[in-house]
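Asker: Residue numbers (our numbering): 1213 to 1491. Glycine is no exception: its CB is placed at the ideal position from the N, C-alpha and C atoms. This one's a predicted model, so the numbers in the text were calculated from it and none came from an experiment. Right, I'll just put the structure down here and ask away after.
What follows is the structure, given as structure tokens:
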């Protein structure tokens, strides 16, 4: 098949799961990752032959609802290529905005801790963007830590990884004092499952996604409380947040004694990032 025929075939194959535009984008992503042929090359020479090795198997996985990033084991974050597998969440664009905020604002931070690192996208990108900052990262999942460590090695980022539970022993595992703590913890209420695409529900780790409906601030509150011990005086706490709980987050952080609370919208205009300072 030609490049054009292959692109159209994959797009058509995904029409039952995605709208045409998204299916086309996924098809382009798959082709580039598996063959190295970029979207611009597809456009400039559509009638050239397309190598088919691995494409049929990959398309069957996509038709079964597996996210394309898990099929290719690759996701991009701040232009860095990260390995992702089903044991970690796929990095989201909103999280890129949080990383960029920290890189711009924390150039003098001596130590930074990322809690719930997953693929390591935040910790690794920040370590590369702030080479003079000592970066640490925690996760409760040994599988996630193995993937994050792999990403750090491949991207040559200096990050210290340790297994820790944000709700119980994080301060014992990390006795250091930090100038910055960042976290993108589980924050999706259970009742929001019905709004989520099946490729997320069926394939991404629920441990990293969901919190009980009756305690949606569970991780934020516990990290904020531990942050009072773990942050240096004047140290700052950054979160990616559940956009429907922005007011609750602001009130909780104030109740926990934090000051200079700043809420920011993501590119879609939803409140998704918050920063505050320890007195």
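If I'm right that residue 1378 touches residue 1468 with Cβ under 8 angstroms, what's the distance once you round it to whole angstroms?
Answerer: 15 angstroms between Cβ atoms; not a contact.
Asker: Under the DSSP definition of a beta bridge, which residues are partnered with residue 1474?
Answerer: 1487.
Asker: Out of 1376, 1294, 1266, which has the shortest C-alpha to C-alpha gap to residue 1308?
Answerer: If we check each option's Cα against that of residue 1308, 1294 comes out closest.
Asker: Would you list, in sequence order, the uninterrupted alpha helix (DSSP H) runs of no fewer than 4 residues that lie entirely inside the stretch 1290-1343?
Answerer: 1305-1317, 1333-1341, all fully within the stretch 1290-1343.
Asker: Under a Cβ-count criterion, where at least 16 other Cβ atoms within 10 Å of its own Cβ denotes burial, should residue 1351 be classed as buried or exposed?
Answerer: So residue 1351 counts as buried.
Asker: What does the Cβ neighbour count give for residue 1252, buried or exposed, with the cut at 16 atoms within 10 Å?
Answerer: Residue 1252 comes out exposed.
Asker: Taking C-alpha atoms, which residue in 1216, 1474, 1482, 1269 lies nearest to residue 1306?
Answerer: Of 1216, 1474, 1482, 1269, the residue nearest in Cα terms is 1482.
Asker: With distances taken from CA atoms, which of 1258, 1348, 1487, 1354 is nearest residue 1219?
Answerer: The shortest C-alpha separation from residue 1219 is found at 1258.
Asker: Name the two residues that bound the continuous beta strand (DSSP E) containing residue 1265.
Answerer: Where residue 1265 is concerned, there is no enclosing beta strand (DSSP E), given that its DSSP letter is neither H nor E.
Asker: Evaluate contact between the stretch 1310-1319 and the stretch 1333-1346, counting only Cβ atoms and requiring at least three cross-stretch pairs below 8 angstroms.
Answerer: Verdict: yes, contact present.
Asker: Quick one: is residue 1491 buried, meaning 16 or more other Cβ sit within 10 Å of its Cβ, or exposed?
Answerer: Looking at its Cβ environment, which holds fewer than 16 other Cβ atoms inside 10 Å, residue 1491 is exposed.
Asker: Determine, using beta carbons only, whether residue 1216 and residue 1249 come nearer to each other than 8 angstroms.
Answerer: Cβ distance not < 8 angstroms, so residue 1216 and residue 1249 don't count as in contact.
Asker: Given a cut-off of 8 angstroms on the beta-carbon distance, is the pair residue 1456 and residue 1472 in contact?
Answerer: Cβ atoms of residue 1456 and residue 1472: not closer than 8 angstroms.
Asker: By Cβ distance below 6 angstroms, which residues in the same chain neighbour residue 1385 in space, the five residues on each side in sequence not counted?
Answerer: Here the set comprises 1374, 1376.
Asker: For residue 1382, which of 1429, 1325, 1361 has the nearest alpha-carbon?
Answerer: Checking every option, the nearest Cα to that of residue 1382 belongs to 1325.
Asker: Check this for me: beta carbons of residue 1274 and residue 1238, under 8 angstroms apart or not?
Answerer: Contact: yes.
Asker: Please classify residue 1318 as buried or exposed, where buried requires at least 16 other C-beta atoms within 10 Å of its C-beta.
Answerer: That one is buried.
Asker: Which same chain residues, not among the five before or five after residue 1300, have their C-beta less than 6 angstroms away from its C-beta?
Answerer: For residue 1300, where only same-chain residues beyond five positions count, the Cβ hits under 6 angstroms are 1330, 1331, 1356, 1359.
Asker: Beta-carbon separation of residue 1323 and residue 1346 under 8 angstroms?
Answerer: Result yes, Cβ atoms of residue 1323 and residue 1346 sit closer than 8 angstroms.
Asker: With a CB to CB cut of under 7 angstroms and the five nearest residues on each side skipped, what residues in its chain are close to residue 1475?
Answerer: Closer than 7 angstroms at the Cβ level, and outside the excluded window around residue 1475, lie 1458, 1462, 1483, 1486.
Asker: Using only CA atoms, which one of 1444, 1302, 1454 lies nearest to residue 1321?
Answerer: The shortest Cα separation from residue 1321 among 1444, 1302, 1454 belongs to 1444.
Asker: What does the alpha-carbon distance come out to for the pair residue 1396 and residue 1453?
Answerer: Whole-angstrom Cα-Cα distance: 7 angstroms.
Asker: DSSP three-state label for residue 1453, please.
Answerer: In the structure shown, residue 1453 sits in coil (DSSP, three-state: anything other than H, G, I, E or B).
Asker: So, under 8 angstroms CB-CB, residue 1429 and residue 1464 are touching, yes? Tell me the CB distance rounded to an integer number of Å.
Answerer: With a Cβ gap of about 6 angstroms, residue 1429 and residue 1464 count as contacting.
Asker: Helix, strand or coil, according to DSSP, for residue 1432 in the structure here?
Answerer: Of the three classes helix, strand and coil, the one that applies to residue 1432 here is helix, per DSSP.
Asker: Which of helix, strand or coil does DSSP assign to residue 1230?
Answerer: Three-state DSSP puts residue 1230 in coil, outside helix and strand.
Asker: Please classify residue 1279 as buried or exposed, where buried requires at least 16 other C-beta atoms within 10 Å of its C-beta.
Answerer: Residue 1279 is buried by the Cβ-count criterion.
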